[in-house]
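Listed in order, the protein sequences are those of chains D and P. 101 is the number that the numbering used here gives to position 98 of the first sequence; each next residue is one higher, with no gaps. 195 is the number that the numbering used here gives to position 194 of the second sequence; each next residue is one higher, with no gaps.
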Amino acid sequence: MAYVAIADRDAPIHDPTSFFTRYIWSQDHKVIAIQYAVVAIFVGLVALVLSGLMRLQLGFPDQFHFIDPNQYYQFITMHGMIMVIYLLTALFLGGFGNYLIPLMCGARDMVFPYMNMLSFWVYLLSVIVLLASFFVPGGPTGAGWTLYPPQAVLPGTPGAGLGIIMMLASLGIFIVAFTMGGLNYVTTVLQARCKGMTLMRLPLSVWGIFMATILGLLAFPALLVSAVMMTLDGTLGTSFFMPAISSMGETLGHHGGSPLLFQHLFWFFGHPEVYIVALPAFGIVSDLLSTHARKNIFGYRMMVWAILAIGGLSFVVWAHHMYVSGMNPYFGFFFATTTLIIAVPTAIKVYNWVLTLWKGDIHLRVPMLFAIGFIFTFVHGGLTGLFLGNVTVDLPLSDTYFVVGHFHMVMGVSPILVVFGAIYHWYPKITGRMYNEGLGKVHFWATFLGTYAIYLPMHYLGILGVPRRYYALGNTEFLPDSVHTINAAITIAALIVAASVLLFLYNMITSLWKGEKAPPNPWGATTLEWQTPDTPPHHGNWGPRLPVVHRWAYDYSVPGAPDDFIPQNEPVDPKLGGGRDHGKGH
Amino acid sequence: MSNYAIVIALLVGIAVWYLVARQLTAKSWRSGEQPGDVGALESTPARVGLWVFMAVVTSLFGLFLSAYAMRMHHGVGWCHLTIPPILWINTLVLVAASVALQLSSRAVGRGQRRMAQVALTAGGALSIAFLAGQVAGWQAVGPSLYFIQGSPAIAFFYVLTIAHGLHLIGGLYVLGRAAMRFAGGAELIDLRQSLQLCSIYWHFLLLVWLVVFAVLMYL
């Protein structure tokens with residue numbers, strides 16, 4: 004039997020028949036995407052509240068007696084882990100990946116819909132296990148999001164009993180869920196693109212999500228390996244990571260394990276994780292900028308190659324998180340070099356974003372504001388990364404607030420700005436309604452200026468030598484009084500930003516009913532998801548026939564064309580000729 | 002760890018080369034016909050999915066084994082594992098299971114229903130025998146917590162064999178479903194892909210086991 008590509012098959016669409024199979028136990032990628040997103044945003048709000056509590060303690064020490072040192076460490080740990088894995092990874096890949104990949108590739112659904120559904124339910128289980136650890140004796144783990152042994156499993160660390168075990172179990176479950184989803188995303192991109200959709204005609208959003216998924220599939224096993232081995236150290240008393248150690252005057256049975264081994268494994272996952280979060284953001288922001296600037300993305304091929312280069316390089320930089328662990332200087336030199344090399348493709352992307360805006364017809368709608376805001380925060384976080392990538396500069400700064408400012412700027416604020424921008428951008432397609440533009444703009448400015456007010460001063464605190472991870476600074480002599488004032492100011496800014504999230508939620512929820520009905524393609528975008536016969540798209544996405552693609556995703560403002568955009572599925576007009584070929588010439 | 006990084010870099014390199022070969026150099030801003038217009042590899046999603054999954058499992062075991070090597074060199078108090086002889090028998094049993102599934106897959110391709118069913122059953126039975134043999138291996142290595150706590154090599158032996166066994170059990174689940182469909186009278190043409198993929202997965206797990214076994218013995 005000859006092979007028939009998915010795009011050429013006329014498979015019947017089996018519509019779900021009951022409420023249960025349509026909305027709950029659903030195999031439709033769009034419903035699964037929304038389920039993923041709602042759970043991720045919910046658990047992200049939990050982490051947001053935790054950060055608010057931490058900031059209260061730091062800004063106004065000794066004022067809030069319900070926050071004790073143990074709880075403070077538990078808040079830090081859970082805040083970090085939730086934000087990085089259960090919010091950002093799940094939202095970008097499970098949420099946006101699920102929604103956008105089939106629509107942007109011109110497919111009816113993911114290639115393994117049943118496994119896709121399981122992926123969500125297993126993810127939900129991992130979140131439930133994670134949140135349940137708040138209610139076990141001893142509370143959740145307070146080992147820091149990096150969970151370094153030996154302290155993570157030693158008595159004296161909060162949550163060293165059940166808390167850490169539940170965290171590790173939850174991570175294991177999450178990785179299973181991610182693998183099921185990830186197999187779907189990769190295979191769908193490779194196998195289910197519609198006719199004419201070559202790899203190099205894919206929108207950059209799909210490229211970013213695709214590469215991030217590959218990174219996740221190869222890197223999450225490192226976290227699984229370390230989680231399994233640490234669970235065994237903590238429960239059965241093995242010595243993979245645990246050295247001979249005395250704890251609280253008592254000699255424990257462990258001997259000979261290597262805590263450094265854990266750090267290597269953890270960061271072998273941890274660094275690609277930065278790009279698992281960043282690459283989808285890179286991809287999505289490219290599409291937002293191009294669409295709202297009515298201009299083709301500058302250097303499309305270079306953008307794709309940069310995504311691939313960043314993905315490859317992200318596996319050989321992990322030890323730059325471990326400069327302070329005492330490594331061979333040559334080893335440090337190697338990792339500093341690879342770290343700085345990764346700046347090259349990243350910088351190419353930043354130049355291309357800026358050049359996309361150059362002489363564009365820029366519409367400062369809410370998604371565009373967030374996209375431009377991202378360029379600022381990302382450049383800022385990237386530049387401080389150059390400081391920390393150098394061993395000699397990193398050593399004195401490593402345990403200070405400089406690092407907190409850096410990584411929040413680069414992988415906290417920047418991806419979150421893209422998340423917000425993307426939600427505003429695709430909200431009309433997902434819900435069929437428009438959001439409130441005014442509220443969206445207030446939300447943007449509060450978030451953008453507010454996060455600067457939070458994280459910019461932290462760099463200064465770091466250079467002053469304010470240590471991170473401290474519950475309270477007390478009367479530390481070398482710190483000027485201004486440190487305390489700045490800390491209070493940061494806390495106030497943080498609370499304002501947190502309040503603006505409520506504004507966002509209010510806007511999103513009320514617009515479901517009160518928002519204007521959205522036209523099918525309100526932004527005049529070229530990509531396939533805006534060309535569906537129904538808004539929101541129905542099950543099967545495309546009606547009776549799959550779309551056929553004739554051009555790349557960035558035919559904006561083509562000279563001679565009637566509109567300032569030409570959808571990807573628009574056949575080539577022989578009079579007008581092929582897209583940009585008939586532009587200003589090359 | 003750096004060995005592992007080299008392997009990963011190679012894998013990524015191959016992937017990039019492959020993608021480049023698939024016209025990553027196309028000038029997509031020119032409309033009209035583009036190279037690779039068909040849109041997909043000439044393969045089924047299930048087959049591509051299996052290969053991606055095997056890449057994930059390779060990463061998992063690669064990391065376990067590099068952790069093994071690092072624990073051996075950087076930790077303290079390592080003593081080598083004495084390989085119980087039964088592991089040799091288990092290895093042969095797994096080789097036989099792999100061969101049986103290959104035969105079954107080939108027989109389905111040739112339309113030999115009876116032969117395919119016998120080989121499929123044999124493959125399943127041999128795999129279960131392999132798992133039982135591994136449990137016997139645990140008994141031989143040191144069956145109690147005392148040994149697991151005392152020797153990291155033994156602890157690694159347990160972790161690696163359990164991880165490998167779990168992957169085999171997952172395979173057996175899929176194989177079992179194919180066998181049920183077979184017994185229920187499904188057409189050979191419908192079973193062809195399932196059995197092909199099962200045999201690929203079994204060869205892969207055999208390869209993983211051979212590498213694990215070699216590391217346990219020689220490293």
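Backbone N, C-alpha and C define an ideal beta-carbon position, used for all residues, glycine too. Remember, predicted model here, so these are calculated numbers, not experimental data.
Is the beta carbon of Ala120 of chain P closer than 8 Å to that of Ala101 of chain P? The residue given as residue 101 of chain P occupies position 100 in the second sequence. The residue given as residue 120 of chain P occupies position 119 in the second sequence. In contact: Ala101 of chain P and Ala120 of chain P (Cβ atoms closer than 8 Å).
Per DSSP, what are the beta-bridge partners of Tyr559 of chain D in this structure? What you label residue 559 of chain D is simply residue 556 of the first sequence in a count that begins at 1. Tyr559 of chain D is bridged to D:Phe568.
Applying a beta-carbon distance threshold of less than 8 Å, which residues of chain P neighbour Phe45 of chain D? Looking up residue 45 of chain D in the first sequence gives position 42. Residues of chain P passing the Cβ test: none, with the nearest at roughly 28 Å.
According to DSSP, is Thr294 of chain D helix, strand or coil? Working through the first sequence from its first residue, we reach residue 294 of chain D at position 291. Three-state result, Thr294 of chain D: helix.
Output yes or no for whether 8 Å exceeds the beta carbon distance between Gly260 of chain D and Phe271 of chain D. Walking along the first sequence from the start, residue 260 of chain D turns up at place 257. Walking along the first sequence from the start, residue 271 of chain D turns up at place 268. Cβ distance not < 8 Å, so Gly260 of chain D and Phe271 of chain D don't count as in contact.
List the residues of chain D whose Cβ lies closer than 7 Å to the Cβ of His75 of chain P, in chain order. Locating residue 75 of chain P in the second sequence gives position 74, counting from the first residue. Ser261, Leu263, Leu264, listed in chain order.
Consult DSSP for Ser29 of chain D and reduce its assignment to one of helix, strand or coil. By one-based count along the first sequence, residue 29 of chain D stands at place 26. In this structure, Ser29 of chain D counts as coil in the three-state DSSP scheme.
Quick one: is the Cβ of Leu12 of chain P within less than 7 Å of any heavy atom of the ligand ZN? With respect to the ligand ZN, the structure offers nothing, as it holds no ligand at all.
Three-state secondary structure assigned by DSSP to Glu519 of chain D: Residue mapping note: residue 519 of chain D aligns to position 516 of the first sequence, counting from 1. Three-state result, Glu519 of chain D: coil.
Does Pro536 of chain D come out as helix, strand or coil in the three-state DSSP assignment? Your numbering for residue 536 of chain D matches position 533 in the first sequence. Pro536 of chain D falls in the coil class under three-state DSSP.
Should Lys587 of chain D be flagged as near chain P, meaning a C-beta pair shorter than 8 Å? Counting from one through the first sequence, the residue named residue 587 of chain D turns up at place 584. The predicted model places Lys587 of chain D with a pLDDT of 38, which falls under 50 and marks its position as unreliable, so this point remains unresolved.
Unbroken stretches of the alpha helix (DSSP H), 4 residues or longer, contained in the region 226-305 of chain D: 262-295
Quick check for students: name the residue ranges of the alpha helix (DSSP H) that lie wholly in the region 453-535 of chain D, counting only runs of 4 or more. 485-517
Does the distance from the CB of Leu206 of chain P to the CB of Leu169 of chain P come in under 8 Å? The count along the second sequence starts at 1 and reaches residue 206 of chain P at position 205. The count along the second sequence starts at 1 and reaches residue 169 of chain P at position 168. It is a contact, given that the beta carbons lie within the stated cut-off.
Do three or more CB pairs link the region 366-379 of chain D to the region 292-300 of chain D at distances below 8 Å? yes
In chain order, what residues of the region 297-311 of chain D put their CB closer than 9 Å to some CB of chain P? Asn299, Tyr303, Arg304, Val307, Trp308, Leu311
Please name the residue, chosen from D:Trp210, D:Ile287, D:Pro348, that lies closest to Phe423 of chain D on a Cα-to-Cα basis. Residue 423 of chain D sits at position 420 when you count from the first residue of the first sequence. Ranking the options by Cα distance to Phe423 of chain D, first place goes to D:Ile287.
From the DSSP output, read off the bridge partner residues of Thr403 of chain D. Within the first sequence, the letter at position 400 stands for residue 403 of chain D. For Thr403 of chain D, which the question treats as bridged, DSSP gives the partners D:Pro470.
Leu150 of chain D versus D:Leu264, D:Gln38, D:Gln66, D:Gly563, residue with shortest Cα-Cα distance: Position 147 of the first sequence holds residue 150 of chain D. Nearest of D:Leu264, D:Gln38, D:Gln66, D:Gly563 to Leu150 of chain D, Cα basis: D:Leu264.
Buried or exposed: where does Arg548 of chain D fall if 16 or more other Cβ atoms within 10 Å of its Cβ makes it buried? As a working note, residue 548 of chain D is residue 545 in the first sequence. When all chains shown are included, Arg548 of chain D counts as exposed.
Spatial neighbours of Ala527 of chain D in its chain, beta-carbon cut-off 6 Å, leaving aside the 5 residues before and after: In the first sequence, residue 527 of chain D corresponds to position 524, counting from 1. Looking at the sequence shown, residue 527 of chain D is not Ala but Gly. Closer than 6 Å at the Cβ level, and outside the excluded window around Gly527 of chain D, lie Phe568.
Going by C-alpha to C-alpha distance, which of D:Leu61, D:Asp290, D:Asn510 sits closest to Tyr75 of chain D? Translated into positions along the first sequence, residue 75 of chain D becomes position 72. Of the candidates D:Leu61, D:Asp290, D:Asn510, the one whose C-alpha sits nearest the C-alpha of Tyr75 of chain D is D:Leu61.
Any C-beta of chain D under 8 Å from that of Leu64 of chain P: Translated into positions along the second sequence, residue 64 of chain P becomes position 63. Closer than 8 Å to some Cβ of chain D, the Cβ of Leu64 of chain P qualifies, so yes.
Using a Cβ-Cβ cut-off of 6 Å (strictly less than) and excluding sequence neighbours within five positions of Gln38 of chain D, which residues of its own chain qualify? For this step, residue 38 of chain D is matched to residue 35 along the first sequence. Around Gln38 of chain D: Phe123.
Segment contact, 8 Å Cβ cut-off, at least three pairs: the region 533-551 of chain D with the region 103-114 of chain D: yes
Kindly list the residues whose CB is nearer than 7 Å to the CB of Ala130 of chain P, restricted to its own chain and excluding five residues on each side of it in sequence; keep chain order. The residue you call residue 130 of chain P lines up with position 129 of the second sequence. If we look at Ala130 of chain P and ignore the five residues flanking it on each side, its Cβ neighbours are Val94.
Residues in its own chain within less than 7 Å of Leu56 of chain D by CB, not counting five upstream and five downstream? Taking the first sequence and counting its residues from 1, the one referred to as residue 56 of chain D is at position 53. Same-chain partners within the cutoff: Ile70, Phe78.
Under a three-way DSSP split, which group does Arg436 of chain D fall into? As a first step, residue 436 of chain D is located in the first sequence; it is residue number 433 there, counting from the start. In the structure shown, Arg436 of chain D sits in a strand (DSSP, three-state: E or B).
Could you name each continuous alpha helix (DSSP H) segment of 4 residues or more that falls completely within the region 36-94 of chain P, going from the start of the chain to the end? 46-75
Let's test the definition: count the other Cβ atoms within 10 Å of the Cβ of Val347 of chain D and tell me whether it reaches 16, buried, or not, exposed. Looking up residue 347 of chain D in the first sequence gives position 344. Answer is exposed; the Cβ neighbour count stays below 16.
List the residues of chain P that Ala225 of chain D touches, going by C-beta distances under 7 Å, in chain order. Position 222 of the first sequence, counted from the first residue, corresponds to residue 225 of chain D. Result: Leu64.
Test item: CB-CB of Leu268 of chain D and Val228 of chain D under 8 Å: Position 265 of the first sequence, counting from 1, holds the residue named residue 268 of chain D. Position 225 of the first sequence, counting from 1, holds the residue named residue 228 of chain D. For Leu268 of chain D and Val228 of chain D, yes; Cβs fall inside 8 Å.
Stretch-stretch touch, CB-based, cutoff 8 Å, three pairs: the region 34-51 of chain D with the region 88-103 of chain D: yes
So which of D:Pro522, D:Leu482, D:Thr403 has the shortest CA-CA distance to Ile433 of chain D? Counted from its first residue, the first sequence places residue 433 of chain D at position 430. Of the listed residues, the one whose Cα sits closest to Ile433 of chain D is D:Pro522.
Evaluate Thr144 of chain D with the Cβ neighbour count: other Cβ atoms within 10 Å of its Cβ, from every protein chain shown; 16 or more gives buried, anything less gives exposed. Within the first sequence, residue 144 of chain D is the residue found at index 141, counting from 1. That one is buried.
Listed in chain order, which residues of the region 232-243 of chain D have Cβ atoms closer than 8 Å to some Cβ of chain P? Met232, Leu235, Leu239, Gly240, Thr241, Ser242, Phe243
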